[in-house]
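Protein chains in written order, with the numbering used here: chain A, 1 to 95; chain B, 1001 to 1483.
The beta-carbon is built from N, C-alpha and C at its ideal position, and this holds for glycine as well.
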């Protein structure tokens, strides 16, 4: 399996990461890691169920009761840009 | 006058109870040690400016005859655990300046117990690393030899405890991040059973693997710290309501009659001879005290690293999608469009290793590759869990293994080769994949003076067995001190 430049950019797009176009070390390291994880190809898992959680059985939900959450002021305390009690972001739509 | 930083938490507690010292004196002694000695180590990212005030409040409780085992005892906290109003960065540029609104549950429990939060310790960025070299704020060094790494990702916590800058520390362990640095720094480190300790306020890396646990200079201290933080938490739906054992009592029970398995797959090619000899010495000590040693097999061990790096990076790519530079985090300037702002902020805010793992995880989860990578890894994970279950179902109480293939390696030795770094986790990732508890205890030093250690693994919620065997090994190999 080879990761080409187009594939790398596709993944970076999904991950919302701006990559340095001159840096080849990332693609090289991903390539060697993917070659290594191909070791799993030799395991037959055709009758094996997947394990999704760290332990079975005790992921529990609490009762759905209203509780106090963060105030708008608290929620904005760590925001890089806020205005009038709201998060402010760059443009989403072309004008 | 006694150097208070040389004492264990249990020894400090006895002095406090006897009125021979105060919490303020203890905290000042450790802060002075940080200011005097941490310039070379860089184990702390910041100290808590309120530490002395917290100690003064502990003294009030102690003077009125109140308090518990940790009242007035300083604890260093890994900087991926939320501390209310005290900057919490995960050693990442993207979280610089972030001030949590609440304490993590483990930190809240420490404060309720009267412990003093001394400061926040360095880590590999977002816990992604095995050497603490991927911290965006500079590497931590090993107090036994400054040219070597302290291990990672909880390298700051382990180095701080080893260097007597704190008697106790909290770390987190996703693939060995408490146990491997404990081994490299010659201290005691425990990864609890998945679900034993609340993760509310632990910044998520890989949610099916992460656990918070103690780092200390004695098994007794580690047991006391676990006692304070373990137990159900309604703020974490994955936290178990299984009753919490008396860990301190367990440290005094001995190992007579326990069956200790040594998995042969953990003693094969690539294991450093001095590490192998150390584990063998620990085995002989357990045998001398009445345990029975047995050869056992965990046949899927060779698949643990590829399984771990697919599961962990897939979960990381999902968890780290929250860093959008809108609700929190450092936003890259001068973006006209929203999508551009996401890409620039994340591209400049995350370091190389974090970006590599997000990319790998995104790839493993993406359409067309999911079954081949992530789905496959989840199934092999089941086989790894079954290996352990079969061994414990046969009546084996504990497993004894090396914690890492080598002692602490040199700074820079592996940082340019990510795969070589990943392979260092071969003996620790299995406990995370299977949700089991694991304890690392010191077992002397190499000829060149670097710490050696052994790892004990047990069945789910059998931390008591780990503390019994850990205390037994400690009798023959008490933790040493770097010069």
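Would you grab the beta carbon distance between residue i and residue j for me? Rounded to a whole angstrom, and I think it's under 8 angstroms.
i, j, result
"residue 1399/B", "residue 1437/B", "The Cβ separation is near 11 angstroms, so there is no contact."
"residue 1217/B", "residue 1008/B", "6 angstroms"
"residue 45/A", "residue 1376/B", "6 angstroms"
"residue 55/A", "residue 1435/B", "4 angstroms"
"residue 1103/B", "residue 1111/B", "7 angstroms"
"residue 43/A", "residue 1380/B", "5 angstroms"
"residue 1421/B", "residue 1129/B", "7 angstroms"
"residue 1099/B", "residue 1085/B", "6 angstroms"
"residue 1077/B", "residue 1121/B", "7 angstroms"
"residue 1033/B", "residue 1118/B", "Their Cβ separation, rounded to whole angstroms, is 10 angstroms, which puts residue 1033/B and residue 1118/B out of contact at 8 angstroms."
"residue 1306/B", "residue 40/A", "5 angstroms"
"residue 1127/B", "residue 1205/B", "5 angstroms"
"residue 1270/B", "residue 1240/B", "With a Cβ gap of about 35 angstroms, residue 1270/B and residue 1240/B do not count as contacting."
Identify the contact partners of residue i in chain A, using a Cβ-Cβ distance below 9 angstroms as the criterion.
i, result
"residue 986/B", "In the structure displayed, chain B extends from 1001 to 1483; residue 986/B sits before or after that span and is not available."
"residue 1545/B", "The displayed coordinates of chain B run from 1001 to 1483. Any statement about residue 1545/B would go beyond what the structure contains."
"residue 1200/B", "By Cβ distance, chain A contributes nothing, its closest Cβ being about 12 angstroms from residue 1200/B, past 9 angstroms."
"residue 1373/B", "34, 37 and 40"
What does residue i touch in chain A if you count any residue whose Cβ is under 8 angstroms from its own?
i, result
"residue 1245/B", "Those within 8 angstroms of residue 1245/B in chain A number zero; the least Cβ separation is about 17 angstroms."
"residue 1335/B", "90"
"residue 1317/B", "15"
"residue 1303/B", "39, 40 and 43"
"residue 1098/B", "78"
Going along chain B in order, which residues have a C-beta closer than 8 angstroms to the C-beta of residue i?
i, result
"residue 79/A", "1326, 1327 and 1328"
"residue 70/A", "1101"
Give every residue of the same chain whose Cβ lies closer than 8 angstroms to the Cβ of residue i, excluding the five residues on either side of it in the sequence, and list them in chain order.
i, result
"residue 1106/B", "1081, 1170, 1197, 1198, 1201, 1202, 1212 and 1229"
"residue 1342/B", "1324 and 1325"
"residue 81/A", "87, 88 and 89"
"residue 1418/B", "1353 and 1356"
If you drop the 5 nearest sequence neighbours on each side, which residues of the same chain put their C-beta closer than 7 angstroms to that of residue i?
i, result
"residue 1138/B", "1042"
"residue 1175/B", "1209, 1308, 1312, 1425, 1428, 1429 and 1432"
"residue 27/A", "3 and 8"
"residue 1142/B", "1148, 1149, 1150, 1159, 1184, 1185 and 1408"
"residue 1387/B", "1298, 1299 and 1300"
"residue 1446/B", "1274, 1407 and 1452"
"residue 1052/B", "1024, 1027 and 1028"
Note down, in chain order, every chain B residue with its Cβ under 9 angstroms from the Cβ of residue i.
i, result
"residue 5/A", "The premise fails here: residue 5/A is roughly 13 angstroms from chain B at the closest Cβ pair, so nothing lies under 9 angstroms."
"residue 74/A", "1101"
"residue 83/A", "The contacting residues do not exist; residue 83/A stays about 13 angstroms from chain B at best."
"residue 26/A", "1352, 1355, 1356 and 1359"
For residue i, count neighbouring Cβ atoms within 10 angstroms of its own Cβ and tell me buried if that reaches 16, exposed if not.
i, result
"residue 1414/B", "buried"
"residue 1353/B", "buried"
"residue 1373/B", "buried"
"residue 96/A", "Here chain A comprises residues numbered 1 to 95, so residue 96/A is not present and cannot be evaluated."
"residue 25/A", "exposed"
"residue 84/A", "exposed"
"residue 1146/B", "exposed"
"residue 1409/B", "buried"
"residue 1039/B", "exposed"
"residue 1378/B", "buried"
"residue 1544/B", "Shown here, chain B extends from 1001 to 1483; a query on residue 1544/B therefore has no answer."
"residue 1101/B", "exposed"
"residue 1336/B", "exposed"
"residue 1060/B", "exposed"
"residue 1191/B", "buried"
Residues of chain A with CB closer than 7 angstroms to the CB of residue i, please, in chain order.
i, result
"residue 1344/B", "18"
"residue 1378/B", "50, 51 and 52"
"residue 1234/B", "62"
"residue 1306/B", "36, 37, 39 and 40"
"residue 1382/B", "48, 49, 50 and 51"
"residue 1070/B", "The premise fails here: residue 1070/B is roughly 27 angstroms from chain A at the closest Cβ pair, so nothing lies under 7 angstroms."
"residue 1299/B", "Those do not exist, as residue 1299/B stays about 11 angstroms from chain A at its closest Cβ, beyond 7 angstroms."
"residue 1418/B", "29 and 33"
Given that residue i touches chain B, what residues does it touch there, using C-beta distances under 7 angstroms?
i, result
"residue 61/A", "1237"
Apart from the five residues on each side of it in sequence, which residues of its chain come closer than 6 angstroms, Cβ to Cβ, to residue i?
i, result
"residue 1242/B", "1461"
"residue 1473/B", "1282, 1285 and 1441"
"residue 1133/B", "1139 and 1415"
Taking C-beta pairs closer than 8 angstroms, name the residues in chain E that residue i reaches, listed in chain order.
i, result
"residue 30/A", "No chain E is part of this structure, whose protein chains are labelled A and B."
The ligand SAM heavy atoms versus the CB of residue i: any closer than 8 angstroms?
i, result
"residue 1251/B", "Ligands are entirely absent from the displayed structure, and the ligand SAM is therefore not among its contents."
Residue ranges of each beta strand (DSSP E) run of no fewer than 3 residues wholly in the stretch 1326-1384 of chain B, ordered along the chain? The stretch 1326-1384 of chain B contains no complete beta strand (DSSP E) run of 3 or more residues.
Completely contained beta strand (DSSP E) runs for the stretch 1408-1457 of chain B, where each covers 3 or more residues: The stretch 1408-1457 of chain B contains these whole beta strand (DSSP E) runs: 1438-1445.
Restricting to runs no shorter than 4 residues, where is the alpha helix (DSSP H) found entirely within the stretch 1226-1284 of chain B? Those alpha helix (DSSP H) runs which fall completely within the stretch 1226-1284 of chain B and span 4+ residues are 1247-1250.
Could you tell me which whole alpha helix (DSSP H) segments of length 4 or greater appear in the stretch 1166-1205 of chain B? Listed in chain order, the complete alpha helix (DSSP H) runs (minimum 4 residues) inside the stretch 1166-1205 of chain B are 1179-1185.
Inside the stretch 1027-1091 of chain B only - alpha helix (DSSP H) runs reaching at least 4 residues: Within the stretch 1027-1091 of chain B, the complete alpha helix (DSSP H) runs of at least 4 residues are 1051-1063.
Could you give the uninterrupted runs of the alpha helix (DSSP H) lying entirely in the stretch 1094-1142 of chain B, keeping only those of 4 residues or more? Correct list: 1105-1112.
Whole runs of the alpha helix (DSSP H) within the stretch 1297-1323 of chain B, excluding any shorter than 4 residues: Taken in chain order, the complete alpha helix (DSSP H) segments of 4 residues or longer contained in the stretch 1297-1323 of chain B are 1304-1319.
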